[in-house]
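These notes are about the structure you will find just below.
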């Protein structure tokens, strides 16, 4: 059996790129009082509309404890609101607030700037083939980590 498999290789690319993204952007998100997961939640709510806490956890593949902490933090910041569902009294409906919508452009800028820097550094255009782009960026991130050691 070959060690190289297309879906498996892409999954590894996603993992490496995601971890590098988290590492590199965490200080930028911290400057606006967020973390990467907070940002993901706000972007998801802005794009898809209201959601339940369980649906957010399933979509973002995070556990019940973490989603509870993240929702509490975003609620304390005034970026989301929670109301009890009229259909199911055990479910809270999570909505992004006006304050949450105001921070979304900063989140998008952090995300887009990180990606643009990677694309520019690797001379990759936005219309380049997807799988090749991921593999190029992954290889560059691996190499840059080797030189830091």
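Residue numbers (UniProt numbering): 1 to 149.
Virtual Cβ for every residue (Gly too), placed ideally from N, Cα, C.
Remember, it's a predicted structure, so these values are computed and weren't measured experimentally.
For residue i, which of the options has the nearest alpha-carbon?
i           : options           : result
residue 11  : 140, 131, 146     : 131
residue 48  : 136, 138, 93, 124 : 93
residue 102 : 139, 42, 112      : 42
residue 9   : 37, 122, 139      : 139
Buried or exposed: residue i, going by 16 or more other Cβ atoms within 10 Å of its Cβ?
i          : result
residue 86 : exposed
residue 68 : exposed
residue 39 : buried
residue 32 : exposed
residue 70 : buried
residue 25 : buried
Less than 9 Å separating the beta-carbons of residue i and residue j?
i          : j           : result
residue 29 : residue 142 : no
residue 45 : residue 80  : yes
residue 99 : residue 119 : no
How many angstroms separate the CA atom of residue i from the CA atom of residue j?
i           : j           : result
residue 1   : residue 134 : Confidence at residue 1 is low in this model, with a pLDDT of 42, below 50, so its placement is unreliable and the value that follows should be read with caution. Computed Cα separation, rounded: 23 Å.
residue 115 : residue 95  : 28 Å
To the nearest whole angstrom, what separates the beta carbons of residue i and residue j, a pair I think is in contact under 8 Å?
i          : j          : result
residue 52 : residue 91 : 5 Å
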